[in-house]
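With numbering that gives the first Met the number 0, letter number 111 in the sequence shown gets 110, and the count goes up by one each step, no holes.
Worksheet: the structure to be examined is printed underneath.
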Amino acid sequence: MASISQNPLPNSLPDWRNFGIVLRVLIGANLALALAALVQAGGLPGWLSRYYVLAAWCEPPLLGAIGLLALLRDQLWRLPIRYGRLTVMAIAAFCAFLQYHLWLWLGLVDSERWGNWQAGLLGTALAALLLHYLELRARAHSPAIAEARLMALNARIRPHFLFNAINAVLSLIRAQPKQAESALETISDLFRAALRDPADWLPLSEEISLCRQYLELEKLRLGERLQVEWDIRSVPLDTLIPPLMLQPLVENAVFHGIEPAPDGGTIRIIFMRKDNDLVIEVANQHCNTPRQSAGNQIALTNIRERLALYYDLEARLEIDQSDTHYRIRIVLPCQTRNNHYPY
């Protein structure tokens with residue numbers, strides 16, 4: 000397993016369709032404009048009016064550039080990184096150039112004070128500054144991606160599960176050696192998945208298959224106490240998701256919902272396609288025990304952190320609970336190999 004320091008740095012342009020990226024670009028640009036307005040005004044008096052002038056100048060070409068970059072996102076990703084960055088800066092300069100000529104045509108700018116090269120230079124400089132900020136942020140998060148692998152090992156293939164699974168296999172060795180051999184192979188597959196590089200996303204079909212294997216192992220020790228219902232509603236199975244995104248939800252349901260209940264229960268696993276989002280829902284009966292309350296918070300915090308690492312602000316985790324049921328729902332952007340962000 001690669002250490003955190005060995006994890007390769009991202010070498011790609013930002014995802015201009017990502018809400019978090021767009022929000023940071025807008026906030027960063029407006030902070031730069033506010034600072035420039037403060038410098039030009041020479042103090043707080045007159046700062047706000049100067050900021051309005053600068054914002055009126057810069058916001059339209061900025062929004063236009065973001066829209067154009069979002070439209071050309073896939074084409075930009077195919078370019079070498081150097082040419083991609085130059086293209087982004089050229090688009091920003093072009094939008095600033097158009098804005099300048101629009102204002103010139105409307106008589107809102109003095110052509111003697113501003114020229115084509117100044118407008119283009121302003122757009123290029125702002126784009127270069129924002130690209131540098133986003134690159135630094137991506138570099139800062141690269142160690143966190145590697146750290147997520149360690150978190151996944153601790154939270155998903157828990158020591159208690161390994162202990163119980165091996166005990167279940169040992170009980171089968173004499174009576175049902177073939178089934179015991181198959182169970183050991185399943186354990187091997189689960190740990191191989193846990194060691195998978197977090198940057199290697201996998202099709203939903205593989206994640207479902209892995210989850211079925213996990214439930215087969217749990218069935219060895221829980222028997223008929225564990226029942227599972229699957230509901231896949233026209234979800235494309237080639238949808239790409241990060242590794243071990245479903246399995247921890249199911250393990251959470253087994254450990255905190257089924258295992259403490261004397262009579263066991265049923266886990267319902269539902270997949271839905273809603274607009275451009277993939278919805279994954281795992282539901283079980285509510286077992287309100289100290290074990291459930293304490294352990295759940297650790298697991299959910301872990302899952303939220305992984306969602307933030309992989310999807311930024313585009314994914315969310317929702318919890319619906321009552322006295323009778325506990326439901327966790329994850330909403331993710333639907334991504335395939337054609338529109339997958341190149342980590």
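Note that the Cβ used here is the ideal one computed from N, Cα and C, for glycine as well.
These numbers were taken from a predicted model, which means no experiment stands behind them.
1. If you count every other CB in all the chains shown that lies within 10 Å of the CB of G45, and 16 or more means buried, which is it?
2. Please report how far the alpha carbon of W15 lies from the alpha carbon of L128, in whole angstroms.
3. Grab the span of the alpha helix (DSSP H) containing I65 for me, first residue to last.
4. If I measure Cβ to Cβ from P13 and keep anything under 7 Å in the same chain, skipping five residues before and after, which residues do I get?
5. What does the alpha-carbon distance come out to for the pair A55 and N29?
6. Just checking, does the segment 56 to 68 make contact with the segment 92 to 102 on the three C-beta pairs under 8 Å criterion?
7. Relative to the C-alpha of Y51, which candidate in L62, A126 and L37 has its C-alpha closest?
8. May I have the straight-line CA-CA distance separating W200 from L25, to the nearest angstrom?
9. Throw me the rounded Cβ distance for the C210 and V249 pair, which I believe falls under 8 Å.
10. Starting from the N-terminal side, write out each stretch of the alpha helix (DSSP H) that is 4 residues or longer and does not extend beyond the segment 198 to 244.
11. Between the segment 303 to 310 and the segment 265 to 273, can you find at least three pairs of beta-carbon atoms closer than 8 Å?
12. Starting from the C-beta of Q212, find all residues in its chain whose C-beta is less than 7 Å away, skip the five residues before and the five after it, and write them out in chain order.
13. Beta strand (DSSP E) containing P332: first to last residue?
14. Buried or exposed, going by whether 16 or more other CB atoms sit within 10 Å of the CB of N275?
Looking at the coordinates:
1. The residue given as residue 45 occupies position 46 in the sequence shown. That one is exposed.
2. Mapped onto the sequence shown, residue 15 falls at position 16. Mapped onto the sequence shown, residue 128 falls at position 129. Cα to Cα, W15 sits roughly 16 Å from L128.
3. Locating residue 65 in the sequence shown gives position 66, counting from the first residue. Segment W46 to L70, the alpha helix (DSSP H) holding I65.
4. By one-based count along the sequence shown, residue 13 stands at place 14. So the list reads I20 and L133, once near-sequence residues are dropped.
5. Position 56 of the sequence shown, counted from the first residue, corresponds to residue 55. Position 30 of the sequence shown, counted from the first residue, corresponds to residue 29. Between A55 and N29, the C-alpha separation is close to 11 Å.
6. yes
7. Position 52 of the sequence shown, counted from the start, is the residue given in the question as residue 51. Y51 has its Cα closest to that of L37, out of L62, A126 and L37.
8. Taking the first residue of the sequence shown as position 1, residue 200 is located at position 201. Taking the first residue of the sequence shown as position 1, residue 25 is located at position 26. Their backbone Cα atoms lie some 29 Å apart in a straight line.
9. Translated into positions along the sequence shown, residue 210 becomes position 211. Translated into positions along the sequence shown, residue 249 becomes position 250. Contact holds; Cβ gap of about 5 Å.
10. 203 to 221
11. no
12. Indexing the sequence shown from 1 puts residue 212 at position 213. Answer for Q212: T185, D188 and L189, listed in chain order.
13. Indexing the sequence shown from 1 puts residue 332 at position 333. Start and end: H324 to P332.
14. The residue you call residue 275 lines up with position 276 of the sequence shown. By the neighbour-count rule (16 or more Cβ atoms within 10 Å), N275 is not buried but exposed.
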